[in-house]
Amino acid sequence: MNVDYALLTDLYQITMAQGYWDAGKTDEEACFTMYFRDYPFKGGYAVACGMAQLADMVEQFRFTEEDIAYLAGLDAPGGGRLFSGDFLSYLADLRLTVDIDAVPEGTIVFPHEPIVRVTGPILQCQLIETALLNMVNFQTLIATKAARVCRAAKGRPVAEFGLRRAQGLGGVWASRAAVVGGCASTSDVLAGRLFDIPVSGTHAHSWVMSFDDELEAFRAYAQAFPNNCVLLVDTYDVERGIENAITVGLEMRERGERLAGIRIDSGDLSWLSKMARRMLDAAGLSDCGIVLSNDLDEYTIQSMLDEGACVTSFGVGTKLASAYDQPTLGGVYKLAAVRPSADAPWEMRLKISESAAKLTTPGVLDVRRYYHADGRVAGDMVFDVNFEPDAREVIVDPMDDLRQKNLAGLRFETLLEPLARGGAVVLAPRFRNAMAARTRAVAGLDTLDETQLRMLNPHTYPVGLELGLNDRRRALVAELRGIV
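In my numbering, the protein residues as written are 39 to 522.
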């Protein structure tokens, strides 16, 4: 999708950019880390998403003539123009030269570990911050919600139906993120075309209402779509709707066709699904599926299945595409290291806070994920790529030095993959493909312990700092506070 990514930012990113330019700091380099602090939906994991759009941004980032003209017309609150002509000329010629590393989409991620790392001229790193956070925060949130919904469905396909209730055109990316998180398809046709993901859909109540009677409407739909006929049976009366669907299903059978399913979109879905199953089976239509929809989420799906609901698949819309119960992930983008030029050594940077959760981690960071012999994840180590990790392979909880875990001897993989080098996208095609990301997410969830997958009060997965990194962080805190 073509977007004016250069202006998809907060004004202070551009005012800081002019400040860096005025101060002669355009060649000074910085390393920023994007991470989140709290588990979304009070769960035990998140599903990373948004990296494909981040790659799009890197490829399309330009200040157009129209952008420059707009910025040139902005007035400073104290009088005069906000931006100088020379600086705007600099922006007009600017091309990104940053390096970006990120976890592949579909990777299972946890609080306080880097999801994206951006390295390059500090001015450029600032200019892409807002858009990066917008993409990764929102899409990770939706992918995580989708994963929770799909886990609750216990293997039954979930279709994402939420575009009409989503927040504007962002709903297109929500549809893609939902598929990354595990949904089998989306109703969003534009998302299907743009991202090569499966689309699905049937008909609305308005279809039935446009005919003189329901049976006539069902027959017309079956004639139009004999190979994809799912009938919405709750426009007037569910029981009568099922009876009419059975009539059409038997007529289709006589023609060598099959009624694929019925959909129920209102009422007590669990009770109605059982009634529908009995009626369909009694009519000999045991191969007719039952689709349930109507403001579903992981909790209602789990409850219905616990009650023995007879359901083949689910349609989930509003509460998925809008991340209904948590509207934001809260990911942050923090400066972690600086250097005067590309060939100089890095100097660590850290933001101090009275809150342990807001104390940042300095360095050029990456993540090692350790695995038990049976394939289950054991813990994640955050480390600085410029220092050899301590041979003891112990991680320290960034919130509590006394909480440590020994990961020595376990197999591990490093999570961050190159996304851009020198401003050119190098992300492998398999890392831009939504269906490949979906496969990665499903496989990643299977490596978690069942206690970490609980909907409520899950077990906390161990994420910690490498011993040397923890020591350097503590020393820097002490130095900044004047303790040493």
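Note that the Cβ used here is the ideal one computed from N, Cα and C, for glycine as well. Just so we're clear, the structure is a prediction, and the values are computed from it rather than from any experiment.
Asked                                                                                                                                                      : Found
With 16 as the cutoff for other CB atoms within 10 Å, does P467 come out buried or exposed?                                                                : exposed
Can you tell me where the beta strand (DSSP E) with N444 in it begins and where it stops?                                                                  : 438–444
Only counting runs of 3 or more residues, tell me where the beta strand (DSSP E) segments fall wholly within the region 378–435, in order along the chain. : 403–409, 415–422, 432–435
How is I280 classed by DSSP in three states: helix, strand or coil?                                                                                        : helix
Could you tell me whether any non-hydrogen atom of the ligand FMN is closer than 7 Å to the CB of P115?                                                    : Of the ligands one can find in the structure shown there are none, so the ligand FMN has no counterpart to examine.
Measuring CA to CA, which of D325, Q364, G369 is closest to C348?                                                                                          : D325
Go through its chain and collect everything with a Cβ distance to M290's Cβ below 8 Å, but skip five positions before and after it.                        : A260, P264, C267, R296, L297
Between P496 and E277, what straight-line distance do the alpha-carbon atoms span, to the nearest angstrom?                                                : 40 Å
What separation, rounded to the nearest whole angstrom, lies between the Cα atoms of R214 and D226?                                                        : 9 Å
Looking at the secondary structure, which residues open and close the beta strand (DSSP E) in which T71 lies?                                              : 67–73
Of the choices T145, A191, R189, I166, whose alpha-carbon is the least far from that of Q177?                                                              : T145
Quick one, are the C-beta atoms of A55 and C163 less than 8 Å apart?                                                                                       : no
Taking buried to mean at least 16 other C-beta atoms within 10 Å of its own C-beta, is L518 buried or exposed?                                             : exposed
Closest to K312 by C-alpha separation, out of L343, A169, R476, L288, would be which residue?                                                              : L343
Residues in its own chain within less than 7 Å of T350 by CB, not counting five upstream and five downstream?                                              : R194, G299, G327, I328, V329
Only counting the same chain, and skipping five residues up and downstream in sequence, which positions put a Cβ closer than 7 Å to that of A523?          : This structure cannot settle anything about residue 523, because the visible part of the chain is limited to 39 through 522.
Cutting at 7 Å between CB atoms, please list the residues of its own chain near F121, excluding the five before and the five after it.                     : Q56, L109, A110, L112
Given a threshold of 16 other Cβ atoms within 10 Å of its Cβ, counted over all protein chains shown, does M247 qualify as buried or as exposed?            : exposed
Less than 8 Å between the C-beta atoms of A374 and L403, yes or no?                                                                                        : yes
Per DSSP, what are the beta-bridge partners of R9 in this structure?                                                                                       : Absent from the structure is residue 9, since the part of the chain shown begins at 39 and ends at 522.
For Q205, count the other beta carbons within 10 Å of its own beta carbon; 16 or more makes it buried, fewer makes it exposed. Which is it?                : exposed
If you follow the beta strand (DSSP E) that L354 is in, where does it begin and where does it stop?                                                        : The sequence given here places Val at residue 354; Leu does not occur at that position. Unbroken beta strand (DSSP E) run through V354: 351–354.
In the structure shown, what three-state DSSP assignment does I302 receive?                                                                                : strand
If R387 and F450 are in contact, beta carbons under 8 Å, what's the gap, nearest whole angstrom?                                                           : Their Cβ separation, rounded to whole angstroms, is 27 Å, which puts R387 and F450 out of contact at 8 Å.
Just to confirm before moving on: does the CB-CB distance between V147 and V174 stay below 8 Å?                                                            : no
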